[in-house]
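Asks: My questions will all concern the structure given below.
Numbering (full-length UniProt numbering), first residue to last: 1 to 431.
This is how it looks when you write it as structure tokens:
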């Protein structure tokens, strides 16, 4: 089918239908918050609304060509695979990653009810509007339009709405299980567009992330007799400063960062600090600093830093005349121990693939400019798909500024452009 005919058939986003569906989805967002064990989402609440829109145009009812497969691995936690069949075997494209769970929201901290869609001009407000129920509604409308107008496409178009993206502590629920069961294998034959980023531009890279814990042992004592203590808080601050200095010396910015448009280089930073508690006049015996580092294969190097600091702990800068990390008379030395949690790998999209070029052209055509970017946040599900042989490209039409934030919203105008990008992708891949 000619590209112009595809665009004419699919037209523009039906705003009223989109907002009506999104209102129903946001109305379920309270029940799809993902933070186990307290909050386990029931994604089938979202599935039901999507099915209400798409089933009338499906083979299940005889009303249309859409082939729908509802796949659940846990009760009330389904995924939905929707296929619009093309005429040419092996020619396929897919929109994947529109997840039906959301991060938590505390209503008392918001300026409006997070679990009810509210409209303020162009703003569509509520938990999930940007991440990712807005995309669920958007791709549902795309598939509805395909089922309704029945354009004669060469390409099969597949949409995969997934469960359990926001929290992976309960495995085997979402896209990981679909891949394991080979239900997505045929999507490897064409570009896969992961629709769960933001700001209307191709996101071509993400950072890896390794969580670390630095445990610091000192000696507890009365703070009025600080010379008899080894202060683990001071030791942690000085040791971490030295570790960070060595890290940035050994891992300078990579030459490809500019090519991929990363906003920051790889970083190693603290994000949490804890200690066992005690009185204000007590120097504690220990503390723990936690954080993350966005470089793969760095654990061995960090371990070497810590071992060297332990061997030379008396050489670290101290804090004042009685601050010390060694008590020779008591044969005591402060000590550092570093440990790591499971690493998440970063992603570099294939900039030579047809999918990337089609996405860029569609973005420039609809949005008016194209500027691919990368983020140092982690999207482990995308990396896993890449490793399985999928050509993954990513984009999204919410707002990065409201991602996982209080007072989340998206813009209806951005979602309209997102629909236009999808239509352009489909039409280009007909050639």
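Beta carbons: idealized from backbone N, C-alpha and C, even for Gly.
Tell me the DSSP secondary structure of residue 287 in three-state form.
Replies: strand
Asks: Where does residue 331 land, buried or exposed, given buried means 16+ other C-beta within 10 angstroms?
Replies: exposed
Asks: When you compare each of 204, 306, 210 and 297 to residue 256 by their alpha carbons, which one comes out closest?
Replies: 204
Asks: Of the choices 193, 169 and 209, whose alpha-carbon is the least far from that of residue 202?
Replies: Out of 193, 169 and 209, 193 has the C-alpha closest to the C-alpha of residue 202.
Asks: With C-beta atoms as the reference, is residue 429 less than 9 Å away from residue 191?
Replies: yes
Asks: Could I get the ranges of all uninterrupted beta strand (DSSP E) runs contained in the stretch 95 to 169, with 3 residues as the minimum, in chain order?
Replies: 118 to 120, 123 to 125 and 156 to 162
Asks: Going straight from the alpha carbon of residue 260 to that of residue 318, what length do you get?
Replies: Residue 260 and residue 318: Cα-Cα distance of roughly 41 Å.
Asks: Could you give the DSSP three-state label for residue 393: helix, strand or coil?
Replies: The answer is strand: DSSP assigns residue 393 an E or B state.
Asks: Name the residue from 282, 170, 313 and 291 whose alpha carbon lies nearest to the alpha carbon of residue 459.
Replies: Any question about residue 459 goes unanswered here, given that the chain covers just 1 to 431.
Asks: Can you name the residues that DSSP bridges to residue 206?
Replies: 347 and 375
Asks: By the DSSP assignment, the beta strand (DSSP E) with residue 83 in it spans what residues?
Replies: 78 to 84
Asks: With distance defined between alpha-carbon atoms, name the residue in 13, 360, 124 and 208 nearest to residue 346.
Replies: 208
Asks: Give me the Cβ distance between residue 54 and residue 82, rounded to the nearest whole Å; I'm assuming they're in contact under 8 Å.
Replies: 6 Å
Asks: Any contact of the stretch 356 to 363 with the stretch 209 to 218, i.e. 3+ C-beta pairs under 8 Å?
Replies: These segments do not touch.
Asks: Given residue 287, which residues of its chain have a CB within under 6 Å of its CB, disregarding the five upstream and five downstream residues?
Replies: 216, 232, 233, 236 and 275
Asks: Pick out whichever of 253, 57 and 62 has its Cα sitting closest to the Cα of residue 142.
Replies: 57
Asks: Is it true that the stretch 58 to 68 meets the stretch 122 to 137, where meeting means three or more beta-carbon pairs spaced less than 8 Å apart?
Replies: no
Asks: Looking at C-beta atoms only, is the number of pairs between the stretch 90 to 101 and the stretch 124 to 140 that lie closer than 8 Å three or more?
Replies: yes
Asks: Name the one or two DSSP bridge partners that residue 333 has.
Replies: 326
Asks: Can you pull the DSSP bridge partners for residue 198?
Replies: 398
Asks: Write down the C-beta distance between residue 183 and residue 71 rounded to the nearest angstrom, noting that I regard them as a contact closer than 8 Å.
Replies: 7 Å
Asks: Quick one: residues in its chain with C-beta nearer than 6 Å to the C-beta of residue 23, no 5 flanking neighbours on either side, listed in chain order?
Replies: 117
Asks: Under 9 Å, do residue 313 and residue 305 count as touching if we go by C-beta distance?
Replies: no
Asks: For residue 357, report the span of its alpha helix (DSSP H) as first-last.
Replies: Following the DSSP letters along the chain, one finds residue 357 inside the alpha helix (DSSP H) bounded by residues 354 to 367.
Asks: The beta strand (DSSP E) spanning residue 67 covers which residue range?
Replies: Taken as a continuous stretch (DSSP letters only), the beta strand (DSSP E) holding residue 67 covers 67 to 72.
Asks: Apply the 10 Å Cβ neighbour rule to residue 26 and answer buried if 16 or more other Cβ atoms are within range, or exposed otherwise.
Replies: buried
Asks: Specify the secondary structure class of residue 221 as computed by DSSP and reduced to three states.
Replies: strand
Asks: For residue 432, which of 64, 154 and 214 has the nearest alpha-carbon?
Replies: One cannot answer for residue 432 here, as it falls past the ends of the chain, which runs 1 to 431.
Asks: Since I believe residue 21 is in contact with residue 140 (beta carbons under 8 Å), could you give me their beta-carbon distance rounded to a whole number of angstroms?
Replies: 6 Å
Asks: With distances taken Cα to Cα, identify the nearest neighbour of residue 412 among 93, 7 and 12.
Replies: The alpha carbon of residue 412 has as its nearest neighbour, out of 93, 7 and 12, the alpha carbon of 12.
Asks: So, are the CB atoms of residue 422 and residue 95 less than 9 Å apart?
Replies: Yes.
Asks: Quick one, which of 292, 152 and 269 has its alpha-carbon nearest residue 5's?
Replies: Ranking the options by Cα distance to residue 5, first place goes to 152.
Asks: If we ignore side chains and look at the alpha-carbon of each, how far apart do residue 342 and residue 80 end up?
Replies: 29 Å
Asks: What is the rounded straight-line gap between the Cα of residue 50 and the Cα of residue 181?
Replies: Near 23 Å, if we compare the C-alpha coordinates of residue 181 and residue 50.
Asks: Does the distance from the CB of residue 103 to the CB of residue 78 come in under 9 Å?
Replies: no
Asks: So residue 20 is in the alpha helix (DSSP H); what residue range does that whole segment cover?
Replies: 15 to 26
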